[in-house]
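Presented below is the structure to which this report refers.
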Amino acid sequence: MNQDKMHLINKIFNNETIRTIWDKEEEKYYISVVDIVGVISESKDKQSYWRKLKQRLKEEGNETVTNCHALKLKAQDGKYRTTDVVDIEGMFRIIESIPSRNAEPIKQWLAKLGSERIDETFDPSIAVQRAIDTYRKKGCPEDWIIKRIKGIQDKKIN
Numbered sequence: 697m698n699q700d701k702m703h704l705i706n707k708i709f710n711n712e713t714i715r716t717i718w719d720k721e722e723e724k725y726y727i728s729v730v731d732i733v734g735v736i737s738e739s740k741d742k743q744s745y746w747r748k749l750k751q752r753l754k755e756e757g758n759e760t761v762t763n764c765h766a767l768k769l770k771a772q773d774g775k776y777r778t779t780d781v782v783d784i785e786g787m788f789r790i791i792e793s794i795p796s797r798n799a800e801p802i803k804q805w806l807a808k809l810g811s812e813r814i815d816e817t818f819d820p821s822i823a824v825q826r827a828i829d830t831y832r833k834k835g836c837p838e839d840w841i842i843k844r845i846k847g848i849q850d851k852k853i854n
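Just so we're aligned: 847 in the working numbering is position 151 of the sequence shown, and the numbers increase by one with no gaps anywhere.
See the structure below:
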């Protein structure tokens with residue numbers, strides 16, 4: 697996972713242990729659903745909570761459950777056990793489904809991101825400025841940023 701995504705996951709979950717696994721074929725990370733549920737819901741029995749949530753989501757026709765994969769992840773006892781995992785998008789869909797005060801800041805953040813992307817649809821220059829601001833926050837030199845934006849533009853034109 698690139699460092700930005702890993703940093704994001706650590707930040708979202710207040711540095712709680714969230715197990716992840718890299719899928720080389722799909723080139724993306726999968727995240728343990730029970731770990732997400734455990735942190736967000738604060739349930740004493742995160743396995744049971746996930747089973748009930750999973751059943752409710754299936755009944756609602758939520759496709760997130762369909763997109764869950766079962767992979768072997770290392771458990772606390774050191775043994776590898778089959779665990780439901782989802783990608784980043786699925787992780788956020790599950791968080792949206794959990795009624796918890798811990799989920800509320802993430803839901804507000806997602807709503808803000810959604811609003812910003814809609815604004816960018818109406819005015820694409822906002823997206824360009826966001827990219828420039830992000831590169832600046834990462835400490836990239838101005839001349840590199842200009843070349844990068846120009847390179848992206850040239851790639852999209854050709």
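Each residue gets a CB set at the ideal place from its N, CA and C atoms; glycine is no exception.
Note that the coordinates shown come from a computational prediction; the quantities given were computed from them, not determined experimentally.
Original post:
Which residues in the same chain have their Cβ closer than 6 Å to the Cβ of residue 697, if we skip the five residues on either side of it in sequence?
Top reply: Note that residue 697 scores a pLDDT of 43, beneath 50, so its modelled location is shaky and nothing firm can be said.
Subject >> Own chain, CB closer than 8 Å to residue 760, minus 5 neighbours either side, in chain order >> reply: Within the same chain, residue 760 has close Cβ partners 753, 782, 786, 789, 790 and 793.
Original post:
Just reading off the alpha helix (DSSP H) that residue 797 is part of, what are its end residues?
Top reply: First-last for residue 797: undefined, no H or E at that position.
Subject >> With 16 other Cβ atoms within 10 Å as the buried cut-off, status of residue 728 >> reply: Taking all protein chains shown into account, residue 728 has 16 or more neighbouring C-beta atoms within 10 Å of its C-beta and is therefore buried.
Original post:
Under a Cβ-count criterion, where at least 16 other Cβ atoms within 10 Å of its own Cβ denotes burial, should residue 805 be classed as buried or exposed?
Top reply: Taking a 10 Å sphere around the C-beta of residue 805, we find fewer than 16 other C-beta atoms and assign the residue as exposed.
Subject >> Collapsed DSSP secondary structure at residue 741 in the structure displayed >> reply: Coil at residue 741, not helix or strand.
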